[in-house]
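A.B. asks: So that we are looking at the same thing, I have put the structure below in structure tokens.
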Amino acid sequence: MLEKTRGIVIKTQDYSESHKIVTIYSNKLGKITAIARGAKKPKSRMAAVTQPFILGEFFIYINSGLSTIQQGDVVDSLRFIREDIIKTAYAAYIVELTDKLVDSNLPDNYLFDQLYQTLSWIAEHDDADAEIPMMMYELKLFAKGGFAPTVSNCVSCGRRDTPLYFSIAEGGLLCSRCNHIDSEATMLPDNVAKLLHIFMSVELERVGTISVKSANKDLLRQLIDAYYEQYGGYYLKSKRFLNQLDKLK
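By the count of my numbering, the sequence shown reaches residue 305 at its end, each step adding exactly one.
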């Protein structure tokens with residue numbers, strides 16, 4: 057069965073001397089892996105559309121075994137990502153996390169759109185501005201993976217009595233009455249607690265310019281990283297590389 061779908065290339069691997077195995081996150085088919093014959097040949101039309109982070113229009117022959125990409129056209133090359141090592145590192149982390157947390161053949165138009173919006177932001181903005189969109193997408197992806205923190209209210213009693221605390225052990229926010237449950241919970245400035253809720257629930261394209269104090273951005277990054285380490289379950293090579301880049305700043 058031949059299917060037409062729009063998708064983002066999230067993973068490629070060489071297959072023989074001239075072919076590639078390509079994993080695409082698509083709006084219609086979800087995550088799908090297919091062979092792209094001749095994609096390693098420089099003059100092949102398939103070579104351009106099977107580069108990492110490409111948004112393409114694909115005709116895929118769906119098979120019970122390995123599917124086949126019959127044809128592909130570039131919709132958005134997002135070439136500024138591949139021209140910058142920092143942008144490439146950010147994008148590689150986002151797509152690797154997507155690959156790990158999203159099951160195959162389960163389409164989700166909302167998540168597909170948020171992935172594209174995040175990659176577009178990385179491509180079009182300064183490297184320093186990418187951290188917030190990335191965290192917004194990460195939290196939505198955690199929700200898709202079934203382990204998102206509770207950020208709208210206290211996980212214990214449901215209240216929002218401030219100050220609010222973030223508890224990794226309890227899986228989200230604790231209010232001022234319940235923070236004794238976890239002695240290691242981190243007290244959050246009010247605006248940081250609000251940001252967590254916004255990051256989880258609001259689409260990136262609705263946010264516009266995002267201005268967050270450096271200290272609050274660092275706090276959010278630490279909390280999200282620690283939370284993923286506790287519940288995510290997958291080692292990410294791209295995250296290790298990002299951490300190494302951060303140390304060089």
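Virtual Cβ for every residue (Gly too), placed ideally from N, Cα, C.
Pick out whichever of S100, G227, A148 has its Cα sitting closest to the Cα of D129.
C.D. replies: What you label residue 129 is simply residue 73 of the sequence shown in a count that begins at 1. Checked all of S100, G227, A148; the closest Cα to D129 is S100.
A.B. asks: Taking the C-alpha atoms as reference points, what is the distance between I280 and L301?
C.D. replies: Translated into positions along the sequence shown, residue 280 becomes position 224. Translated into positions along the sequence shown, residue 301 becomes position 245. Roughly 18 angstroms between the two C-alpha positions.
A.B. asks: Quick one: grab the DSSP three-state call for K87.
C.D. replies: Working through the sequence shown from its first residue, we reach residue 87 at position 31. Strand at K87.
A.B. asks: In whole angstroms, give me the CA-to-CA distance for R277 and M191.
C.D. replies: Taking the sequence shown and counting its residues from 1, the one referred to as residue 277 is at position 221. Taking the sequence shown and counting its residues from 1, the one referred to as residue 191 is at position 135. The straight-line gap from Cα to Cα measures roughly 7 angstroms.
A.B. asks: Short of 8 angstroms in beta carbon distance, which residues of its chain neighbour K273, apart from the five on each side in sequence? Order them along the chain.
C.D. replies: Counted from its first residue, the sequence shown places residue 273 at position 217. Closer than 8 angstroms at Cβ, skipping near neighbours: E187, I188.
A.B. asks: Rounded to the nearest angstrom, what separates L153 and L175 at their Cα positions?
C.D. replies: On the sequence shown, residue 153 is found 97 positions in, with the first residue counted as 1. On the sequence shown, residue 175 is found 119 positions in, with the first residue counted as 1. Rounded to whole angstroms, L153 to L175 spans 13 angstroms at the Cα level.
A.B. asks: Going by C-alpha to C-alpha distance, which of K196, D140, T68, T124 sits closest to K60?
C.D. replies: If you number the sequence shown from 1, residue 60 lands on position 4. Of K196, D140, T68, T124, the residue nearest in Cα terms is T124.
A.B. asks: Return the chain-ordered list of same chain residues with a C-beta closer than 8 angstroms to the C-beta of C213, the five sequence neighbours on each side being excluded.
C.D. replies: By one-based count along the sequence shown, residue 213 stands at place 157. For C213, where only same-chain residues beyond five positions count, the Cβ hits under 8 angstroms are C231, R233, C234.
A.B. asks: Taking 7 angstroms as the cut-off, is the CB of H236 close to at least one heavy atom of the ligand GDP?
C.D. replies: The ligand content of the structure shown is nil, which means the ligand GDP is not present either.
A.B. asks: Let's see if you can read the secondary structure: which residues bound the beta strand (DSSP E) around G201?
C.D. replies: Counting from one through the sequence shown, the residue named residue 201 turns up at place 145. Where G201 is concerned, there is no enclosing beta strand (DSSP E), although the alpha helix (DSSP H) it sits in stretches over 187 to 201.
A.B. asks: Span of the alpha helix (DSSP H) holding Q107?
C.D. replies: Locating residue 107 in the sequence shown gives position 51, where the first residue counts as 1. No alpha helix (DSSP H) holds Q107; DSSP gives it neither H nor E.
A.B. asks: Just tell me which of A184, A199, G288 has its CA closest to the CA of D164.
C.D. replies: Here residue 164 refers to the residue found at position 108 when the sequence shown is read from its first residue. Closest option to D164, Cα to Cα, is A199.
A.B. asks: Can you give me the Cβ contacts of Q286 inside the same chain, cut-off strictly under 7 angstroms, excluding the 5 residues immediately before and after it?
C.D. replies: Against the sequence shown, residue 286 aligns to sequence position 230. Hits under 7 angstroms: I224.
A.B. asks: Assuming M256 and L195 form a contact by the criterion Cβ under 8 angstroms, report the distance between their Cβ atoms to the nearest whole angstrom.
C.D. replies: Taking the first residue of the sequence shown as 1, we reach residue 256 at position 200. Taking the first residue of the sequence shown as 1, we reach residue 195 at position 139. That pair is a contact at about 5 angstroms.
A.B. asks: Is it right to say Y166 is buried, meaning 16 or more other beta carbons lie within 10 angstroms of its own, or is it exposed?
C.D. replies: For the purposes of this step, residue 166 is identified with residue 110 of the sequence shown, where counting begins at 1. When all chains shown are included, Y166 counts as exposed.
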